[in-house]
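Protein chains: 2
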Amino acid sequence: MARKVRIKDVAERAGVSVASVSFVLNNVEGARVAPETRERIKAAARELGYQPNTVARGLRTQRTHMIGFISDEIATTPFAGQMIQGAHDAAHKVGYLLLMLNTGGDVEEQHLAARALVQRQIDGAIVATMYHQRIEIPEELAGIPHVALDAEPVSGAVSSVVPDEFGGAVAVVSELITAGHRRIGHITDRDWPIAKGLRLDAYRHCLLSNDLPAGDSLVAADEPSSHGGYRAAQVLLNAANPPTAIFCYNDRMAMGAYRAAAEHGLRIPQDLSIAGYDDQQLISDAIAPGLTTAALPHYDMGVWAVETLLHQITSTAPVVPQRHLMPCPLIRRHSIAPPRG
Amino acid sequence: MARKVRIKDVAERAGVSVASVSFVLNNVEGARVAPETRERIKAAARELGYQPNTVARGLRTQRTHMIGFISDEIATTPFAGQMIQGAHDAAHKVGYLLLMLNTGGDVEEQHLAARALVQRQIDGAIVATMYHQRIEIPEELAGIPHVALDAEPVSGAVSSVVPDEFGGAVAVVSELITAGHRRIGHITDRDWPIAKGLRLDAYRHCLLSNDLPAGDSLVAADEPSSHGGYRAAQVLLNAANPPTAIFCYNDRMAMGAYRAAAEHGLRIPQDLSIAGYDDQQLISDAIAPGLTTAALPHYDMGVWAVETLLHQITSTAPVVPQRHLMPCPLIRRHSIAPPRG
DNA sequence: TTGAAAGCGCTAACAA
DNA sequence: TTGTTAGCGCTTTCAA
Chain A
807 MARKVRIKDV AERAGVSVAS VSFVLNNVEG ARVAPETRER IKAAARELGY QPNTVARGLR
867 TQRTHMIGFI SDEIATTPFA GQMIQGAHDA AHKVGYLLLM LNTGGDVEEQ HLAARALVQR
927 QIDGAIVATM YHQRIEIPEE LAGIPHVALD AEPVSGAVSS VVPDEFGGAV AVVSELITAG
987 HRRIGHITDR DWPIAKGLRL DAYRHCLLSN DLPAGDSLVA ADEPSSHGGY RAAQVLLNAA
1047 NPPTAIFCYN DRMAMGAYRA AAEHGLRIPQ DLSIAGYDDQ QLISDAIAPG LTTAALPHYD
1107 MGVWAVETLL HQITSTAPVV PQRHLMPCPL IRRHSIAPPR G
Chain V
807 MARKVRIKDV AERAGVSVAS VSFVLNNVEG ARVAPETRER IKAAARELGY QPNTVARGLR
867 TQRTHMIGFI SDEIATTPFA GQMIQGAHDA AHKVGYLLLM LNTGGDVEEQ HLAARALVQR
927 QIDGAIVATM YHQRIEIPEE LAGIPHVALD AEPVSGAVSS VVPDEFGGAV AVVSELITAG
987 HRRIGHITDR DWPIAKGLRL DAYRHCLLSN DLPAGDSLVA ADEPSSHGGY RAAQVLLNAA
1047 NPPTAIFCYN DRMAMGAYRA AAEHGLRIPQ DLSIAGYDDQ QLISDAIAPG LTTAALPHYD
1107 MGVWAVETLL HQITSTAPVV PQRHLMPCPL IRRHSIAPPR G
């Protein structure tokens, strides 16, 4: 293979100094180079296939055009891809690359990760979580711009973006109410992730403000899986006065609710309306009928996070930290209909 | 924030030269430094919280300890995470980091990606695909070590790892045969991905070598989704002499087959056995009964790819390209039982 | 309008 | 046993 061509080679070929080459190739403001020389340099670079060495440039300019992406886990969730893709696209668009580091949720690993990234002179960092939660930003990041993604920093003046779980849930439940339902059940997570609380609050809020019953017999908690959803839905459906619609904490639980409904001889949506949350398409789009649900805006959050970060990196103005709520759009499919008779 | 501490600061504090600092901090072989001095240097580094600047080191040593990870798409598949995680873990273990670049499957983007990575002086690259397929390695990578992940390079002497689809399918179909099934149907993808051909071949191979019927009436093709699986299973189940077991091209199709079975009043596994492929746990573990299937070894392939790459990077021996078939382990759940009567 | 040269932070060959 | 110094490839100040 031909040896890498360096700026010096271009300079020699064009018969100029490396300085001139650097000037014209970087379009330096106010660098006065004769148009004729300029052309000669460009031609030489083109002919040689010159590609500037980013490492050397980074050492000199203290800008590596790399963004560190620290995440807690990436393998176990189908959401990760969307978030990374969003971050990637936003970064890529302006010539930045993502340097990925996974911590497995381990705090010690997180410090190690931050240190490794700082050593590599990243221009900024994203600290991401795969499920909306509160996090501690590793102190190693203190010196460089950073923003939290799908996570709320417990302290510090750092920008963050999380899904608007409350708003999304309001949209879903409203959809049910608009369809005419009066008895709306909710099956929820029995643990206490942030999302659970917000979605439950929204559910209650909607019922209350519409003078609808919201007794405890209408909500059942279990694990947030299809099996948990199945069990919780059974509880609701076996009750004396079962709901005509069920808002499920997530799509996986909704999947289980479908099964429970089938066992009760209930058709969806004619006999029972069901709504989910998350829009995990492997489920929401695959079960029949298609599930009406609210989408978690992972891609958009990824984009927002790096755009905000990039702004911090390039702007000289003091950063005023923002906490952004990203809307969760309602995805209408076919699991909701008016209640019977 | 305190200014970054450089090697010079450590040297000054320890009262030695930067060379000595470099020697002891890097544990250079055969560098003779008095034990006492050695301690002094280490202490100084510790007290100052010195972290060597990897960019500078990379410029000097021509080793960045970064691996480029070029993938076609990452957002749309739940497998991506596993593969990235495997690659990440293997890299992280020896101090390497992943520099991610996504091409969206676009050839032009792929060249851009390769160029961007080469400019960044990566030590090696992984070219990954989210579904087993044939690919062209961008020529920009010619100068540096690289290996293909879940993909087979159409040309060139490059190592690659792909799932052993044939072996996995043989295991699945054998499981069905061992359970006592004689009429085994197959629903398959109507497009022609590599996986489809291999799994279909394995299915035929197993039937033939067991003297089992393998007529066309036993295989139906449709799109590789739950909806396609539903339709294809209907075709098989509506036939004159329906199979007692169905091997599905993937878990999504199996999900649809479950629905078709239910509509036919067939219980799984008592009345109909079903097996899948991929082990997408969001499905295989979520449907009831749990689906017996073959797992796609994404994590392991990710590990293999970077370990092989690392070997190429560090070894001086000429690389002899390998094509590795990673086993697809059979995951037994509850969708298979002996046929009735 | 151009070129020389310093220096980003580090490693490693060479001298002392 | 330790220190001096020449680069790695680039940007950018300063001089010509």
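Going down the list, the sequences are from chains A and V.
Our numbering applies: residue 807 is where the first sequence begins, and numbers increase by one.
Our numbering applies: residue 807 is where the second sequence begins, and numbers increase by one.
Yeah, the Cβ is synthetic: ideal placement off N, Cα and C, and Gly gets one too.
Short CB-CB distance (under 7 Å) between residue i and chain V
i                : result
A886 of chain A  : yes
E1029 of chain A : no
M906 of chain A  : yes
M807 of chain A  : Confidence is the limiting factor: at M807 of chain A the pLDDT is only 43, short of 50, which leaves the residue's position unreliable, though a coordinate-based value still follows. Taking Cβ atoms only, chain V reaches closer than 7 Å to M807 of chain A, which makes this a yes.
M936 of chain A  : no
I890 of chain A  : yes
V861 of chain A  : yes
G930 of chain A  : no
A1092 of chain A : yes
Q939 of chain A  : no
A1123 of chain A : no
Alpha-carbon to alpha-carbon, residue j and residue i
i                : j                : result
A920 of chain V  : P1103 of chain V : 26 Å
M1132 of chain A : R863 of chain V  : 41 Å
S823 of chain A  : P841 of chain A  : 15 Å
M807 of chain A  : I873 of chain V  : In this prediction, M807 of chain A has a pLDDT of 43, which is less than 50 and means its spatial position is unreliable; what the coordinates show is noted afterwards. For M807 of chain A and I873 of chain V, the distance between alpha carbons rounds to 20 Å.
A1081 of chain V : V861 of chain V  : 51 Å
Y1009 of chain V : C1054 of chain V : 10 Å
D1085 of chain A : P884 of chain A  : 11 Å
L1078 of chain A : M1059 of chain A : 15 Å
T935 of chain A  : V968 of chain A  : 10 Å
N1016 of chain V : G887 of chain V  : 38 Å
A1094 of chain V : G1034 of chain A : 12 Å
R989 of chain V  : L1042 of chain V : 11 Å
Q1040 of chain A : A1066 of chain A : 6 Å
T909 of chain A  : A850 of chain V  : 29 Å
A1026 of chain A : N1044 of chain A : 12 Å
A897 of chain V  : L947 of chain A  : 22 Å
N833 of chain V  : Y1036 of chain A : 59 Å
S961 of chain A  : E942 of chain A  : 7 Å
A1063 of chain A : D1091 of chain A : 15 Å
E835 of chain A  : A825 of chain A  : 14 Å
G1071 of chain V : H1117 of chain V : 55 Å
P1049 of chain V : M1061 of chain A : 27 Å
M906 of chain A  : Q939 of chain A  : 20 Å
Chain A within 7 Å of residue i, Cβ atoms only
i                : result
V811 of chain V  : no
G1147 of chain V : no
I1108 of chain V : Per the sequence shown, the amino acid found at residue 1108 of chain V is Gly instead of Ile. Chain A contact via Cβ: absent.
Q927 of chain V  : yes
A1100 of chain V : no
L1088 of chain V : yes
A849 of chain V  : no
G962 of chain V  : no
M1061 of chain V : yes
Buried or exposed (CB count within 10 angstroms, at least 16 for buried), residue i
i                : result
P1019 of chain V : exposed
V1109 of chain V : buried
L1115 of chain A : buried
Coarse secondary structure for residue i, derived from DSSP in three states
i                : result
G991 of chain A  : strand
R996 of chain A  : coil
A817 of chain V  : helix
H952 of chain A  : strand
L1033 of chain V : Per the sequence presented here, residue 1033 of chain V reads as His, with Leu not at that position. Helix, per DSSP.
K810 of chain V  : coil
L1024 of chain A : helix
L1006 of chain V : helix
L1018 of chain A : coil
Q1128 of chain V : coil
I1142 of chain V : coil
I1137 of chain A : strand
D942 of chain A  : Rather than Asp, the amino acid found at residue 942 of chain A in this sequence is Glu. In this structure, E942 of chain A counts as coil in the three-state DSSP scheme.
I983 of chain V  : helix
V976 of chain V  : helix
A1051 of chain V : strand
Any non-hydrogen atom of the ligand ADP within 6 Å of residue i CB
i                : result
A1039 of chain V : Because no ligand of any kind appears in the structure shown, any question about the ligand ADP cannot be addressed here.
Starting from the N-terminal side, write out each stretch of the alpha helix (DSSP H) that is 4 residues or longer and does not extend beyond the stretch 893-940 of chain A. Taken in chain order, the complete alpha helix (DSSP H) segments of 4 or more residues contained in the stretch 893-940 of chain A are 913-925.
In chain order, which alpha helix (DSSP H) runs of at least 4 residues are fully inside the stretch 825-874 of chain A? 841-854, 860-867
Which residue spans inside the stretch 1064-1098 of chain V form an unbroken alpha helix (DSSP H) run of at least 4? 1087-1090
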